[in-house]
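Residue numbers (our numbering): 1 to 158.
Just so it is clear, CB atoms sit at the ideal spot from N, CA and C, and this is done for glycine as well.
Note that this is a predicted model, so its numbers are computed, not measured.
See structure below.
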């Protein structure tokens, strides 16, 4: 299994002009799929998961983040795990952390839900790290060379 794909704008690799054009063509394909329609709320979600679906619909810009109808089940699972995590947290507020000297099983439910959330959020570009791979602010906003790179170039006589 190879490394995760990184969008050309977020890569530190120095592409040739031809490589860059080819990579950009491949990335453009991501935006040819039908964007996910957040107005169609899945019926089988509970109220917390539906609220998360609607919240995502308000904040995700499918013009800049290539989430398509193909990703529908991943987004549904993300919303379900948000609900599971929230309900487990609420239950821990009324139950003790330990039961008969053992860890409350709800803690395992919460940990499992949060682990799944982290994975799904990363896949969807909903984490800081995954957004950095998609849209690298150092290549977009600040065109100046960073100080460390400048010092290395000066030390190497470049």
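- With respect to residue 36, residue 76 sits apart: the two C-beta atoms are not nearer than 8 angstroms.
- Among the bridge pairs identified by DSSP, residue 35 is matched with 68.
- Per DSSP, residue 108 is one residue of the alpha helix (DSSP H) stretching across 105-124.
- Comparing C-alpha distances from residue 60 to each of 93, 88, 125 shows the shortest one belongs to 125.
- The DSSP-derived three-state label of residue 99 is strand.
- The distance from the Cβ of residue 81 to that of residue 113 is about 5 angstroms, consistent with a contact at the 8 angstroms cut-off.
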